[in-house]
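Asker:
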Amino acid sequence: MELSSSVQISDFHAIGLRLASPDKILSWSCGEVTIRYKGIICDKCGVEVTRAIVRRERMGHIALASPVSHIWFLRGVPSKIGILLNMSVADLEKVIYFAGYIVTKIDEHARMSAIDTLEREFKTKSKEVTGSELEQLKETKDRLREDLRGLSKYQILSEIEYHRISRKFGEMFEASIGAEALRAVFAQMSLSEVLAELELEAPNQSVLHRQKTIRRIQVIKGMLSAGIKPEYMFLTVIPIIPPDLRPMVQLDGGRYATSD
175 MELSSSVQIS DFHAIGLRLA SPDKILSWSC GEVTIRYKGI ICDKCGVEVT RAIVRRERMG
235 HIALASPVSH IWFLRGVPSK IGILLNMSVA DLEKVIYFAG YIVTKIDEHA RMSAIDTLER
295 EFKTKSKEVT GSELEQLKET KDRLREDLRG LSKYQILSEI EYHRISRKFG EMFEASIGAE
355 ALRAVFAQMS LSEVLAELEL EAPNQSVLHR QKTIRRIQVI KGMLSAGIKP EYMFLTVIPI
415 IPPDLRPMVQ LDGGRYATSD
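Going by this note's numbering, the first residue of the sequence shown is number 175, and it counts up by one from there.
Rendered as structure tokens:
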């Protein structure tokens, strides 16, 4: 340290030294300290030229073409997705793995109209057939009527059931398939409304049903208190950890590779 003739070492009571980060130095700088490569992009690979430390700091992401269910919330014990929808994991997997459809909307007016149309068609056709054909026609009519009356929201339909009902009464209901369908159901779900309904139903239920309802209430209260939306249990974006933090895997021949 250079001192002028008018300044003596005894004038300093203490001198503190600390390490300063490059970012800190730049924040102090008035322009004399600069990074010559800041904002430069490599012509060959298109990567920004910057400090090596960012390999431990910067995360990436992959935007998925379609949502997927998070296995922790699907197959965890108990299944949080199953608890919210009051469904078994087996039924949920039918929808997620494209083996079944979930009913998302029902038009009650269209349901009653469809049942009336079915009865009128049966009366008309029953006059034209007799014997075994009449019995077969009656069985078909009864099966369709039961399907129409028993159809409920969030019901799981097999592919055969879905095509049989939708072919004739497609305007009566809406059904979807895949994890995207379940995510859409959760996106439209109001946890506070579901909680209010369950708290009204619980006192009038049997012991077994009340235990299931209490479990659903506990899960919903936990999500509400934590500010978690139910659609968060489905992934639309996958985070990618920084390169230097990825675990290394030893390959044959003494080679190493970063693990996915």
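Glycine is no exception: its CB is placed at the ideal position from the N, C-alpha and C atoms.
With DSSP as the reference, label A273 as helix, strand or coil.
Answerer: Under the three-state reduction of DSSP output, A273 falls in the coil class, being neither helix nor strand.
Asker: Looking only at its own chain, which residues have a Cβ that is under 6 Å from the Cβ of V263, when we skip the five neighbours before and after it?
Answerer: S253 and G256
Asker: So, are the CB atoms of L258 and R390 less than 8 Å apart?
Answerer: Yes, Cβ-Cβ distance for L258 and R390 is below 8 Å.
Asker: When the Cα of D197 is compared with those of T224, C216, I215 and D217, which residue comes out closest?
Answerer: From the listed residues T224, C216, I215 and D217, the smallest Cα separation to D197 is found for T224.
Asker: The beta strand (DSSP E) that contains I330, what's its start and end?
Answerer: Run containing I330: I330 to S332, per the beta strand (DSSP E) assignment.
Asker: Given that a residue counts as buried once 16 or more other Cβ atoms are within 10 Å of its Cβ, and exposed if not, what is I215?
Answerer: For I215, the number of other beta carbons within 10 angstroms of its own is below 16, and it is reported as exposed.
Asker: Can you tell me whether R357 is buried or exposed, with buried defined as 16 or more other CB within 10 angstroms of its CB?
Answerer: By the beta-carbon neighbour count (other beta carbons within 10 angstroms, threshold 16), R357 is buried.
Asker: Look at the alpha carbon of G427 and the alpha carbon of P417, and state the distance between them as a whole number of angstroms.
Answerer: 23 Å
Asker: Do you know offhand how far Y275's Cα is from A239's?
Answerer: 20 Å
Asker: Look at the alpha carbon of L325 and the alpha carbon of M407, and state the distance between them as a whole number of angstroms.
Answerer: 27 Å
Asker: Unbroken alpha helix (DSSP H) runs of length 4 or more, entirely within the segment 315-377: which are they?
Answerer: 333-343, 353-362 and 365-375
Asker: DSSP three-state call for M175: helix, strand or coil?
Answerer: Reliability fails at M175, whose pLDDT of 47 lies under 50, so the model's placement of it is uncertain and no value is given.
Asker: Below 7 Å, is the gap between the Cβ of E293 and the nearest heavy atom of the ligand NAD?
Answerer: No copy of the ligand NAD occurs in the structure displayed, which carries no ligand at all.
Asker: With which residues is H235 paired in a DSSP beta bridge?
Answerer: For H235, which the question treats as bridged, DSSP gives the partners P413.
Asker: Hey, could you find the ends of the alpha helix (DSSP H) V393 is sitting in?
Answerer: V381 to A400
Asker: In three-state DSSP terms, what is K279?
Answerer: strand
Asker: Can you tell me which of I388, K327 and L398 puts its alpha carbon nearest to the alpha carbon of K279?
Answerer: K327
Asker: Go through its chain and collect everything with a Cβ distance to K315's Cβ below 7 Å, but skip five positions before and after it.
Answerer: L292 and F296
Asker: Please identify the residue among L369, A273 and E375 whose C-alpha is closest to the C-alpha of Q435.
Answerer: Beyond the ends of the chain as shown, which are 175 and 434, falls residue 435; an answer cannot be given.
Asker: Measuring straight from C-alpha to C-alpha, what distance separates Q288 and E282?
Answerer: Reading the sequence as shown, one finds Ala at residue 288 and not Gln. A direct Cα-Cα distance of roughly 10 Å separates A288 from E282.
Asker: Taking G234 and I414 to be in contact with their CB atoms under 8 Å, please state how far apart those CB atoms are, rounded to whole angstroms.
Answerer: Going by Cβ atoms, the distance from G234 to I414 rounds to 4 Å, so yes, they are a contact pair.
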